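Participant: Each residue of the sequence shown is one higher than the last, beginning at 1 in UniProt numbering.
For glycine and all other residues, C-beta sits at the position ideal for the given N, C-alpha and C.
Small disclaimer: the values here were computed from a predicted structure and weren't measured.
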Amino acid sequence: MLISVVIRTLNEARYLGELLESIHGQDLGRFRVEVVVIDSGSTDGTLEIAQRHGCVITHITREQFSFGRSLNMGCEVASGDILVLVSGHCVPRDEHWLRLLCDPIANGLVDYTYGRQFGGAESHFSECRIFGKYFPEASAVPQEGFFCNNANSAISRAAWATYRFDEDVTGLEDMELAQRLCRSGGKVGYVAEAGVYHYHAESWPQVRRRFEREALALQKIMPQIHVRRRDTVRYICSSIWQDWKAAWGEGAWLRHALGIMRYRFCQYTGSFMGNHEHRKLSHAEKDKYFYPS
């Protein structure tokens with residue numbers, strides 16, 4: 001059975017070589033693998049790295065680009081029975097990652113899987129806490145609900161061909177597809193053992209824009225969500241306090257205190273900007289998505 005690993009790239013030279021070396025070193029078992037890179041205009045050596053590793057390379061212009069469209073174009077070029085979607089700034093934790101991520105699909109248990117994510121040594125403290133919230137230690141195959149994340153995921157070709165990624169959403173194309181899949185009786189699974197290190201190298205404005213973009217996309221997926229100004233203030237204060245307590249317990253408060261404040265401020269002001277015009281949601285459901293713990 002052929003796996004196609006589809007990687008979206010834009011100036012991913014820093015980690016792409018390590019990712020590709022890890023893919024080629026995977027313990028595949030019954031699987032075979034190809035790698036497809038869909039690039040949107042890299043200028044930092046990304047394409048040269050992909051060429052050296054024998055990747056199939058295709059291109060999308062920045063004018064054409066959306067997260068869903070780039071994935072659809074990459075999947076169209078791919079030949080695999082299972083399509084693995086991984087960010088160019090993610091690196092697998094071990095040589096079993098690819099097989100473990102794909103086994104539940106190959107065995108007919110689910111249509112769509114996603115794996116655990118960890119921060120690295122240079123990751124923001126608060127981002128590592130977010131990874132801990134959304135990617136717990138225990139697997140769930142299948143899981144309840146439609147949460148998933150394309151930084152580290154796999155989908156059967158049949159499921160992708162049926163649903164395809166929405167090319168208009170500003171992010172969360174993974175959850176949008178998974179929602180439609182689950183409504184039609186499909187299943188999503190979380191494979192905690194298939195972990196990657198997820199490295200973000202973002203400026204503070206980029207952090208804010210990422211959360212704003214995702215909140216805009218969430219309006220289509222969960223249009224009832226509405227975050228008010230007082231919610232935003234509450235989330236900022238609560239998340240900073242909780243992160244500070246966690247950092248203090250790890251003996252790292254002095255090193256991370258300011259970064260925690262800046263990260264959580266960017267996160268929740270971005271989320272507010274992308275979300276505040278939408279309808280109200282119940283207090284409990286709103287907190288489930290946005291609250292830091």
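Less than 7 Å between C-beta atoms, sequence neighbours within five positions excluded: which residues of the same chain meet that for residue 288?
Facilitator: Residue placement at residue 288 is poorly supported in this model, since its pLDDT is 44, which falls under 50; the coordinates still yield a value, given next. Result list for residue 288: empty, nothing under 7 Å.
Participant: Once DSSP output is grouped into helix, strand and coil, what is the label at residue 112?
Facilitator: Under the three-state reduction of DSSP output, residue 112 falls in the strand class.
Participant: Taking CB distances under 8 Å as the criterion, tell me whether residue 262 reaches chain B.
Facilitator: The displayed structure is made up of one protein chain only, and chain B is not part of it.
Participant: Could you spell out the range, first to last residue, of the alpha helix (DSSP H) harbouring residue 55?
Facilitator: Per DSSP, residue 55 belongs to no alpha helix (DSSP H) and is neither H nor E.
Participant: Taking the beta carbon of residue 2 as the centre, do at least 16 other beta carbons fall within 10 Å, making it buried, or is it exposed?
Facilitator: exposed
Participant: Could you pull out every unbroken alpha helix (DSSP H) segment of at least 4 residues lying fully inside the stretch 65 to 122, listed in chain order?
Facilitator: If only uninterrupted alpha helix (DSSP H) runs of at least 4 residues are considered, those enclosed by the stretch 65 to 122 are 67 to 77 and 97 to 106.
Participant: In angstroms with no decimal places, state the Cα-to-Cα distance between residue 137 and residue 147.
Facilitator: 16 Å
Participant: Cα-Cα, which of 132, 247, 197 and 155 is closest to residue 122?
Facilitator: 197
Participant: Return yes when the Cβ of residue 47 is within less than 8 Å of the Cβ of residue 8, no when it is not.
Facilitator: no
Participant: Answer with buried or exposed for residue 19, where buried requires no fewer than 16 other C-beta atoms within 10 angstroms of its C-beta.
Facilitator: buried
Participant: Between which two residues does the alpha helix (DSSP H) harbouring residue 256 extend?
Facilitator: 253 to 275
Participant: So, for residue 204: in the same chain, excluding its five sequence neighbours on each side, which residues have a beta-carbon less than 7 Å away from its beta-carbon?
Facilitator: 262 and 266
Participant: Assuming residue 99 and residue 25 are in contact, meaning their beta carbons sit under 8 Å apart, how far apart are those beta carbons, in whole angstroms?
Facilitator: Contact doesn't hold; Cβ gap of about 12 Å is too wide.
Participant: Hey, which unbroken runs of the alpha helix (DSSP H) at 4 residues or more fall wholly within the stretch 147 to 192?
Facilitator: Runs found: 157 to 163 and 173 to 183.
Participant: Give the DSSP bridge partners of residue 4, in chain order.
Facilitator: 34 and 83
Participant: Please report the Cβ distance between residue 44 and residue 78, rounded to the nearest whole angstrom; I am assuming they are in contact, meaning their Cβ atoms lie under 8 Å.
Facilitator: Between residue 78 and residue 44 the Cβ distance is about 24 Å, and since that is not below 8 Å, they are no contact.
Participant: Exposed or buried, which one is residue 107 when buried takes at least 16 other CB atoms within 10 Å?
Facilitator: Counting other Cβ atoms within 10 Å of its Cβ, residue 107 stays below 16 and is therefore classed as exposed.
Participant: What does a CB cutoff of less than 6 Å around residue 170 pick up in its chain, not counting 5 residues either side in sequence?
Facilitator: 213, 216 and 217
Participant: Work out the CA separation of residue 76 and residue 237 for me, nearest whole Å.
Facilitator: 45 Å
Participant: Between which residues of its own chain and residue 211 is the CB-CB distance below 6 Å, once the five residues before and five after are set aside?
Facilitator: 267, 270 and 271
Participant: Please confirm whether residue 179 and residue 221 have their CB atoms less than 8 Å apart.
Facilitator: yes
Participant: From residue 320 to residue 152, what does the alpha carbon distance come to, in whole angstroms?
Facilitator: Residue 320 lies beyond the range of the chain shown here (1 to 293); nothing can be said about it.
Participant: Using 10 angstroms around the beta-carbon of residue 208, count the other beta-carbons present and answer buried if the total reaches 16, otherwise exposed.
Facilitator: buried
Participant: If you run the structure through DSSP and keep just helix, strand and coil, what is residue 207?
Facilitator: Correct three-state label for residue 207: helix.
Participant: Along the chain, where does the alpha helix (DSSP H) containing residue 42 start, and where does it finish?
Facilitator: No alpha helix (DSSP H) contains residue 42, which DSSP labels as neither H nor E.
Participant: Which residue or residues does DSSP assign as beta-bridge partners of residue 227?
Facilitator: None, per the DSSP bridge assignment.
Participant: Note down, in chain order, each residue of its chain lying with its Cβ closer than 6 Å to the Cβ of residue 109, except the 5 sequence neighbours on either side.
Facilitator: Excluding residues up to 5 positions away in sequence, 141 lie with their Cβ nearer than 6 Å to the Cβ of residue 109 in the same chain.
Participant: Using the three-state DSSP reduction, which class does residue 24 fall into: helix, strand or coil?
Facilitator: helix
Participant: Excluding the five sequence neighbours on either side, which residues of its own chain have a C-beta within less than 6 Å of the C-beta of residue 273, listed in chain order?
Facilitator: Annotation for residue 273: 212 place their beta carbon closer than 6 Å to its own, counting only its chain and skipping 5 residues before and after.
Participant: Rounded to the nearest angstrom, what separates residue 256 and residue 127 at their Cα positions?
Facilitator: 12 Å
Participant: Just to confirm the assignment, what range does the alpha helix (DSSP H) spanning residue 132 have?
Facilitator: 125 to 134
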